[in-house]
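**Q** Sequential numbering of the sequence shown, starting at 144, is according to my numbering.
Ideal Cβ positions, reconstructed from N, Cα and C, are used throughout, including at glycine.
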Amino acid sequence: MLTAAKVAVLVGSLRKESLNRKMANALVSLNASPLNFQFAEIGNLPLYNEDLEKQYAPEEWLSFRRQIKSADAALFFTPEYNRSVPGALKNALDVGSRPYGSSSWDGKPAAVISVSPGAIGAFGANQHLRQSFVFLNMPAMQQPEAYIGGAKEMFDAEGKLTNETTREFLNKFAQAFSSWIEMTRKR
Ligand code: FNR
Numbered sequence: 144m145l146t147a148a149k150v151a152v153l154v155g156s157l158r159k160e161s162l163n164r165k166m167a168n169a170l171v172s173l174n175a176s177p178l179n180f181q182f183a184e185i186g187n188l189p190l191y192n193e194d195l196e197k198q199y200a201p202e203e204w205l206s207f208r209r210q211i212k213s214a215d216a217a218l219f220f221t222p223e224y225n226r227s228v229p230g231a232l233k234n235a236l237d238v239g240s241r242p243y244g245s246s247s248w249d250g251k252p253a254a255v256i257s258v259s260p261g262a263i264g265a266f267g268a269n270q271h272l273r274q275s276f277v278f279l280n281m282p283a284m285q286q287p288e289a290y291i292g293g294a295k296e297m298f299d300a301e302g303k304l305t306n307e308t309t310r311e312f313l314n315k316f317a318q319a320f321s322s323w324i325e326m327t328r329k330r
């Protein structure tokens, strides 16, 4: 029997009232799977600059890399900015991927939930993120796909998820991701 997998949760929005953050909180608080979720914050990461690597890498980069390395898997919640991933999230991917040859992401199973107030559920951002997973060697869960649109209407004033269908979907998603992680750990 394997121990509960540690999953780093990354949220691609930095704003306080983020729908993605609320969705991430909803999934984590469901306790739908044996997964052990830990948020990996990205808002304090200085922009990636390879020159700094050779002098003194910022402490924020180093602790972020340690956190990702210590996780078994990564779960991403992303908004869509101009049909792609927000810069803050791309920066986190870049920071974690270096120094060259010791990427913190290497081999970690990943999954994406994209959340938007719009109708198409941030499909573009979701797919762009998956493109990076290929190069980062992160086996991405294929199904279920998660493009959550119309998210503005899904939370109450306290930020709690009130949409029952979405709650059931998050439940299934967490269970599927748990199985996916077990499959990739046994390889
Ligand atoms: C957006 N938004 C947006 N929405 C979308 O569905 N497709 C898009 O391409 C964009 N582009 C975009 C660019 C920028 C710079 C901003 C600030 C916003 C709207 C976006 O989905 C909305 O602000 C969400 O609420 C952002 O997610 P959080 O912060 O609520 O998690």
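What does DSSP give as the partner residues of ALA151 in its beta bridges?
**A** DSSP lists GLN181, ALA217 as partners of ALA151.
**Q** Where are the beta strand (DSSP E) runs, 3 residues long or more, that stay fully inside the stretch 276 to 308, in chain order?
**A** Listed in chain order, nothing qualifies, since the stretch 276 to 308 has no complete beta strand (DSSP E) run of 3 or more residues.
**Q** Could you give the distance in angstroms between the alpha-carbon of PRO201 and the alpha-carbon of VAL255?
**A** Taking the straight line joining both Cα atoms gives about 27 Å.
**Q** I'd like to know whether the C-beta atoms of THR221 and ASN179 end up nearer to each other than 8 Å.
**A** The answer is no: Cβ separation not under 8 Å.
**Q** Report yes if the C-beta distance between LYS149 and ALA217 is below 8 Å; otherwise report no.
**A** No, these two residues do not count as a Cβ contact at 8 Å.
**Q** What does the alpha-carbon distance come out to for the pair ASN280 and SER247?
**A** Straight-line Cα distance between these residues: approximately 11 Å.
**Q** Identify, in the order they occur along the chain, each residue of the same chain with its Cβ nearer than 8 Å to the Cβ of GLN318, setting aside the five sequence neighbours on each side.
**A** ALA175, SER176, listed in sequence order.
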